[in-house]
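**Q** From first to last, the protein sequence lines stand for chains A and B. For the first sequence, position 228 matches number 228 in UniProt numbering, and the numbering has no gaps at all. For the second sequence, position 230 matches number 230 in UniProt numbering, and the numbering has no gaps at all.
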Amino acid sequence: MSPLLAINDLSVTFARKSLLSRLINPFPLPSFNVIDGVTLSLMPGETLGLVGESGSGKTTLARTILGLVRAAAGRITFEGRDVATPADFRAMRRRSAMMFQDPVASLSPRLRIGTLLTEPQIIQGVPMPDRRAAAKALLALVGLPASFVDRFPHELSGGQARRIGVARALAMKPHLLLADEPTAGLDVSVQGDVLNLIGELKRELGFAAMIVTHNLAMIRHVSDRLAIMYLGRLVETGPTQDVFSAPLHPYTATLIRSEPIPDPRRRSQNPAVTGEIPSVFRRPSGCEFHTRCPIARDRCKTEAPAYRPMGTDRMVRCHFPLVTGGQEREAFSRASANHRGN
Amino acid sequence: MTGSLSAIDLSVRYETPHGAVHALRHVDIEAHPGEVIGIVGESGCGKSTLVTALANLLPANARIDGSISYNGVDLAKLDAHHQRLLRGDEIALVSQDPMTAFNPVLTIGDQLVDFQHHRKDLGRAQKRARIAAMLGRVGIADAERRMNSYPHELSGGMRQRVAIAASLLTDPGLLIADEPTTALDVTMEAQIIHLLRELRRDYNGIIIVVSHHLGVIAELCDRVYVMYAGEVVEGGEVDAIFHDARHPYTQALLACDPARFHERLDRLPTIPGSLPNLTQPPMGCVYAPRCDRAFAPCGSVAPPLVKLSASHVARCHAVTP
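#1: Would you mind sorting residue 320 of chain A into buried or exposed? The rule is 16 or more other CB atoms within 10 Å of its CB.
#2: Can you tell which of A/251, A/267, A/283 and A/286 has the C-alpha that lies nearest to the C-alpha of residue 274 of chain A?
#3: Given this structure, state the Cα-to-Cα distance separating residue 265 of chain A from residue 315 of chain A, to the nearest angstrom.
#4: So residue 254 of chain A contacts chain B; which residues on that side make the cut at Cβ distance below 8 angstroms?
#5: Tell me whether residue 2 of chain A is buried or exposed, calling it buried when 16 or more other Cβ atoms sit within 10 Å of its Cβ.
#6: What does residue 307 of chain B pair with, by DSSP beta-bridge criteria?
#7: Could you please give me the residues that DSSP links to residue 207 of chain A through a beta bridge?
#8: If you draw a straight line from the C-alpha of residue 8 of chain B to the C-alpha of residue 295 of chain B, how long is it?
#9: Residues of chain B with CB closer than 7 angstroms to the CB of residue 187 of chain A, please, in chain order.
#10: My understanding is that residue 206 of chain B touches residue 169 of chain B, with C-beta atoms under 8 angstroms, so please give their C-beta distance in whole angstroms.
#11: Check the Cβ-Cβ distances between residue 195 of chain A and every residue of chain B, and say whether any is below 8 angstroms.
#12: Is the segment 55-64 of chain B touching the segment 153-169 of chain B in the sense that three or more CB pairs, one from each, lie closer than 8 angstroms?
#13: Report yes or no: do three or more beta-carbon pairs, one from the segment 48-56 of chain A and one from the segment 270-288 of chain A, lie closer than 8 angstroms?
#14: Who are residue 77 of chain A's beta bridge partners in DSSP?
#15: Residue 218 of chain B: which of B/175, B/38, B/301 and B/5 sits nearest, CA to CA?
#16: Reducing DSSP to helix, strand and coil, say where residue 288 of chain A ends up.
#17: Checking contacts by CB at 8 angstroms: is residue 43 of chain A closer than that to chain B?
#18: Counting only Cβ pairs nearer than 9 angstroms, list the residues of chain A close to residue 314 of chain B.
#19: Compute the Euclidean distance between the alpha carbons of residue 178 of chain A and residue 141 of chain B, then round it to the nearest angstrom.
#20: Taking 8 angstroms as the CB-CB limit, is residue 274 of chain A close to chain B?
#21: Going by the beta-carbon positions, is the gap between residue 186 of chain A and residue 158 of chain A smaller than 8 angstroms?
#22: Tell me whether residue 225 of chain B sits in a helix, a strand or coil according to DSSP, three-state version.
#23: Excluding the 5 residues flanking residue 319 of chain B on each side, which residues of the same chain have their C-beta closer than 8 angstroms to its C-beta?
#24: Establish whether the CB of residue 198 of chain A and some CB of chain B are separated by less than 8 angstroms.
#25: With DSSP run on the structure shown, which of helix, strand or coil describes residue 247 of chain A?
#26: From residue 321 of chain B to residue 73 of chain B, what distance separates their C-alpha atoms?
#27: So which of B/185, B/199 and B/226 has the shortest CA-CA distance to residue 175 of chain B?
#28: Taking residue 48 of chain B as part of the alpha helix (DSSP H), name the residues at either end of that continuous run.
#29: If I follow the unbroken alpha helix (DSSP H) through residue 60 of chain A, where does it start and stop?
#30: Check whether the segment 177-191 of chain B touches the segment 154-172 of chain A, counting contact only when three or more Cβ pairs, one atom from each stretch, lie closer than 8 angstroms.
#31: Residues of chain A with a CB under 9 angstroms from the CB of residue 254 of chain B: which are they?
#32: Consult DSSP for residue 328 of chain A and reduce its assignment to one of helix, strand or coil.
#33: Going along the segment 255-284 of chain B in order, which residues come within less than 8 angstroms of chain A, judged by CB to CB distance?
#34: List the residues of chain B that residue 209 of chain A touches, going by C-beta distances under 7 angstroms, in chain order.
#35: Strictly below 7 angstroms CB to CB, what residues from chain A border residue 311 of chain B?
#36: Classify residue 196 of chain A as buried or exposed, calling it buried when 16 or more other Cβ atoms lie within 10 Å of its own Cβ.
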């Protein structure tokens with residue numbers, strides 16, 4: 001089966017090159033790779049979790065895939081066709097959809113829900129004999145009462161606004177759904193609701209999904225595969241269950257260990273990692289995680305590790321991955337020893 | 001100064017053009033020096049109203065019934081002047097986003113000097129020395145240089161550390177941390193949790209941690225109050241709450257947390273239904289419309305607070321000691 005979406009060596013550069021800054025500073029400023037050499041693919045019907053901390057570039061990557069941010073280098077292929085020109089992206093966006101992070105901010109406050117729900121079809125020129133009926137059908141799809149067509153966005157609760165976000169994203173029957181933090185700011189009892197809805201619709205409509213999030217506890221249950229980002233680069237990809245049970249990259253292991261566990265009998269003894277995520281403007285030399293890695297060695301400071309396959313379906317960017325039974329894994333466990341009592 | 005805090009039969013309502021919103025109803029809580037108290041609940045449960053009432057920061061349209069006694073003084077009855085003397089000095093608040101807590105045009109050092117304005121006995125140099133020591137204690141390397149930084153020059157995690165340092169500068173007897181890690185990444189969250197745990201070792205006052213995040217509560221607190229729709233529905237030792245929860249809402253809330261399950265779930269558990277309208281709180285149990293164990297009296301009679309053990313209480317008709 002060929003992938004629905006393939007990203008090859010994608011880079012995004014942010015440079016300070018406004019006219020004003022050029023006039024003030026005639027010397028060209030260095031530009032920074034916020035996304036650096038990302039290679040990733042998504043199979044039809046698959047759910048990929050794109051995980052990273054703030055500043056890791058995960059949202060930028062999602063936006064670049066849909067052409068909302070321009071890539072500096074690399075290739076995007078969607079349904080077997082290269083996507084490069086603005087027209088290509090427009091065509092791709094007819095068959096893909098994005099759920100933005102802030103569900104209320106992404107809805108115009110002056111339009112009624114009915115209008116907002118049918119906006120995508122109008123923009124894409126899809127014939128729609130009865131706009132109101134189409135909106136009601138979409139509301140039914142996401143389990144909201146038909147009376148919502150006349151409501152305004154501010155009359156919705158957080159969970160309802162997400163449902164509208166889901167309905168709007170699915171209005172065009174996309175093959176790909178990009179969801180940026182679909183449950184950020186939601187209560188746990190409502191978070192499950194939104195994710196179950198996306199899951200059900202996915203089974204029914206068969207689209208593939210990329211879920212951008214920092215919420216590990218949630219993504220564990222809703223994704224087939226995980227991609228972990230650090231400073232604009234992928235550090236690990238693999239099947240979700242494998243990544244959680246045996247993370248290969250020390251950063252992935254650190255993230256998993258940092259998650260507070262809702263059990264007072266299993267409190268963490270020490271933080272799994274100290275220090276903060278560095279800025280892409282001052283990317284560390286060698287492996288960019290070496291400044292915080294508990295098992296970094298001299299080689300990590302100077303030589304950037306390659307992004308290489310491990311086994312059949314996993315990739316890792318580390319000189320000393322935490323292979324099961326290997327000494328690195330042991331060293332990592334020792335470095336964060338007594339982390340949790342059992 | 002350290003003393004115990006207790007709220008007895010505390011109710012807060014907000015007068016609005018659409019009628020009174022009964023945001024907090026008949027809340028009883030207590031906290032003793034050296035304790036870390038957790039207040040957990042989802043949005044709309046009244047946890048923010050409770051801590052704003054404790055910190056005496058309720059808006060003008062709020063009406064308080066009941067009493068909040070701190071160190072023998074009824075906070076609800078103090079005049080504005082005495083409230084102000086207490087707040088900041090005795091009662092300190094660490095907010096969710098420390099960016100908004102600091103003045104963007106003053107350096108960290110200047111602001112932290114101002115925080116100590118009540119210490120008339122200290123000179124500016126002494127105050128700066130105290131700041132440097134406190135910043136060091138909260139894990140900020142290079143404290144002297146950081147004092148000359150502006151808030152925007154610090155990362156979120158570092159700002160939260162500075163906010164914690166600021167709140168401790170006044171030696172408060174009551175430290176309220178409102179969602180202290182919600183705005184932070186998970187690796188930073190773990191570090192702040194660790195920091196708060198370290199600090200409590202030589203802090204004798206009360207720490208109240210408010211969070212919707214069960215993991216944070218489990219990591220930090222000694223005792224926990226679970227709130228729903230303006231009421232404390234269950235309270236007890238952290239272990240009892242997480243391992244022997246008795247109120248159906250607490251049980252449902254715990255069951256919803258995906259962090260509790262390691263095997264992939266096809267459907268994540270949820271709590272069907274929605275919060276009751278707090279302009280007209282239900283006659284009976286607030287949770288009854290969503291409760292799967294509701295029976296006859298739940299809809300009409302407000303449940304009593306059932307004492308399950310010395311410290312464990314639940315407000316439910318269906319529980320028995």
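Backbone N, C-alpha and C define an ideal beta-carbon position, used for all residues, glycine too.
**A** Let me spell this out:
#1: In the first sequence, the residue the question calls residue 320 of chain A occupies position 320. By the 10 Å Cβ count, residue 320 of chain A comes out buried.
#2: Within the first sequence, numbered from 1, the residue matching residue 274 of chain A stands at position 274. Nearest Cα to residue 274 of chain A within the set A/251, A/267, A/283 and A/286: A/251.
#3: By 1-based counting over the first sequence, the position of residue 265 of chain A is 265. By 1-based counting over the first sequence, the position of residue 315 of chain A is 315. When rounded, the distance between both Cα atoms is 34 angstroms.
#4: Here residue 254 of chain A refers to the residue found at position 254 when the first sequence is read from its first residue. In chain order: 187.
#5: Along the first sequence, one-based indexing puts residue 2 of chain A at 2. Label assigned to residue 2 of chain A: exposed.
#6: As a first step, residue 307 of chain B must be located in the second sequence, where it is residue number 307. Note: residue 307 of chain B sits in a beta bridge opposite B/313.
#7: Taking the first sequence and counting its residues from 1, the one referred to as residue 207 of chain A is at position 207. For residue 207 of chain A, which the question treats as bridged, DSSP gives no partner whatsoever.
#8: For this step, residue 8 of chain B is matched to residue 8 along the second sequence. For this step, residue 295 of chain B is matched to residue 295 along the second sequence. If you take the alpha carbons of residue 8 of chain B and residue 295 of chain B, they lie about 29 angstroms apart.
#9: On the first sequence, residue 187 of chain A is found 187 positions in, with the first residue counted as 1. Ordered by position in chain B, the residues that pass the 7 angstroms Cβ test against residue 187 of chain A are 42, 43 and 212.
#10: Here the question's residue 206 of chain B lines up with position 206 in the second sequence. Here the question's residue 169 of chain B lines up with position 169 in the second sequence. No, residue 206 of chain B and residue 169 of chain B are not in contact; Cβ-Cβ is about 17 angstroms, not under 8 angstroms.
#11: Residue mapping note: residue 195 of chain A aligns to position 195 of the first sequence, counting from 1. So yes, residue 195 of chain A belongs to the interface.
#12: Segments in contact, no.
#13: yes
#14: Here residue 77 of chain A is taken as the residue at index 77 of the first sequence, counted from 1. BP columns for residue 77 of chain A point to A/6 and A/82.
#15: Reading the second sequence from its first residue, position 218 is the one you call residue 218 of chain B. Nearest of B/175, B/38, B/301 and B/5 to residue 218 of chain B, Cα basis: B/38.
#16: In the first sequence, the residue the question calls residue 288 of chain A occupies position 288. Three-state DSSP puts residue 288 of chain A in coil, outside helix and strand.
#17: Position 43 of the first sequence, counting from 1, holds the residue named residue 43 of chain A. Closer than 8 angstroms: no.
#18: For this step, residue 314 of chain B is matched to residue 314 along the second sequence. Near residue 314 of chain B there are no residues of chain A at all, since even the closest Cβ is about 18 angstroms away, more than 9 angstroms.
#19: As a working note, residue 178 of chain A is residue 178 in the first sequence. As a working note, residue 141 of chain B is residue 141 in the second sequence. Approximately 40 angstroms, taken between the alpha carbons.
#20: What you label residue 274 of chain A is simply residue 274 of the first sequence in a count that begins at 1. Judged by the 8 angstroms Cβ criterion, residue 274 of chain A is in contact with chain B.
#21: Looking up residue 186 of chain A in the first sequence gives position 186. Looking up residue 158 of chain A in the first sequence gives position 158. In contact: residue 186 of chain A and residue 158 of chain A (Cβ atoms closer than 8 angstroms).
#22: Residue numbering aside, residue 225 of chain B sits at position 225 when the second sequence is read from its first letter. DSSP places residue 225 of chain B in strand when its eight states are reduced to three.
#23: The count along the second sequence starts at 1 and reaches residue 319 of chain B at position 319. Only 246, 247, 306 and 308 meet the Cβ criterion.
#24: As a working note, residue 198 of chain A is residue 198 in the first sequence. For residue 198 of chain A, the answer is no, since every Cβ of chain B falls outside 8 angstroms of its Cβ.
#25: Locating residue 247 of chain A in the first sequence gives position 247, counting from the first residue. Coil at residue 247 of chain A, not helix or strand.
#26: For the purposes of this step, residue 321 of chain B is taken as residue 321 along the second sequence, with counting starting at 1. For the purposes of this step, residue 73 of chain B is taken as residue 73 along the second sequence, with counting starting at 1. Spanning the two alpha carbons is a distance of roughly 33 angstroms.
#27: Counting from 1 along the second sequence, the entry for residue 175 of chain B is found at position 175. Ranking the options by Cα distance to residue 175 of chain B, first place goes to B/199.
#28: Counting from 1 along the second sequence, the entry for residue 48 of chain B is found at position 48. It spans 47-54 - the alpha helix (DSSP H) in which residue 48 of chain B sits, taken as one unbroken run.
#29: Within the first sequence, numbered from 1, the residue matching residue 60 of chain A stands at position 60. Note, residue 60 of chain A: alpha helix (DSSP H), 58-65.
#30: In short, these stretches do not touch, since the Cβ pair count stays below three.
#31: The residue labelled residue 254 of chain B in the question sits at position 254 within the second sequence. By Cβ distance, chain A contributes 262.
#32: Position 328 of the first sequence holds residue 328 of chain A. For residue 328 of chain A, the three-state secondary structure derived from DSSP is helix.
#33: 256, 257, 258, 259, 260, 261, 262, 264, 265, 266, 267, 268, 269, 270, 271 and 274
#34: As a first step, residue 209 of chain A must be located in the first sequence, where it is residue number 209. Taking the beta carbon of residue 209 of chain A as reference, no residue of chain B falls within 7 angstroms; the closest one sits roughly 15 angstroms away.
#35: Taking the first residue of the second sequence as 1, we reach residue 311 of chain B at position 311. Those do not exist, as residue 311 of chain B stays about 14 angstroms from chain A at its closest Cβ, beyond 7 angstroms.
#36: Along the first sequence, one-based indexing puts residue 196 of chain A at 196. Buried, since its Cβ has 16 or more Cβ neighbours within 10 Å.
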